[in-house]
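Numbering (the numbering used here), first residue to last: 91 to 235. Even glycine gets a Cβ: it sits at the ideal position worked out from N, Cα and C. Okay, structure first, notes after.
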């Protein structure tokens, strides 16, 4: 028994630091942006399962799947002085999952090469952003101002 415990301890010790990644529960997940006054400004949905066109990102020790344009959006929102957080929405109830996701993941963390990051930022994320219904609606409202 002592020998088995010693082997187990050695295996754990040699495996390096362990970062627990929390499983996510059912519900829809969003990165929300709000003005410093607390008023809602915008959001991007993030996924809990892999999806075509999405990349793996870890926010507050929780694995999500996001578009690269979402990561760029969080960077831009933070630069504009807005507060960001990830929340879960389930049956109308919202639960805070992660504060300041813009400080958790940057484009450079997604395995992109330096030139690709630069090109992506210069295009303002248009290289991978599909026109979603929310993008179209948002653009329509911006034009009415």
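Using CA atoms only, rank isn't needed, just tell me which of 133, 157, 153 is closest to residue 143. By one-based count along the chain shown, residue 143 stands at place 53. For residue 143, the nearest C-alpha among the options comes from 157.
How long is the line joining the alpha carbons of residue 135 and residue 213, rounded to whole angstroms? Numbered from its first residue, the chain shown carries residue 135 at position 45. Numbered from its first residue, the chain shown carries residue 213 at position 123. Taking the straight line from one Cα to the other gives about 21 Å.
Assess contact between the stretch 120–137 and the stretch 194–205, defined as three or more Cβ pairs (one per stretch) separated by less than 8 Å. Is contact present? no
Of all the options 160, 117, 173, 120, which has the alpha carbon lying nearest to the alpha carbon of residue 211? The residue you call residue 211 lines up with position 121 of the chain shown. The residue with the shortest Cα to Cα distance from residue 211 is 160.
Counterpart residues of residue 124 in DSSP-defined beta bridges: Translated into positions along the chain shown, residue 124 becomes position 34. Its beta-bridge partners are 130, 173.
Taking the DSSP output, what are the residues bridged to residue 188? The residue given as residue 188 occupies position 98 in the chain shown. Beta-bridge pairing links residue 188 to 176.
Whole-angstrom C-beta distance between residue 138 and residue 120, which should lie under 8 Å: One-based indexing of the chain shown puts residue 120 at position 30. One-based indexing of the chain shown puts residue 138 at position 48. About 12 Å; that fails the 8 Å criterion.
Out of 147, 126, 181, which one is the CA nearest neighbour of residue 168? For the purposes of this step, residue 168 is taken as residue 78 along the chain shown, with counting starting at 1. Closest by alpha carbon: 126.
With a threshold of 8 Å on Cβ separation, who are the neighbours of residue 191 within its own chain once the five nearest residues in sequence on each side are excluded? In the chain shown, residue 191 corresponds to position 101, counting from 1. The answer, listed in chain order, is 121, 149, 150, 164, 174, 175, 176.
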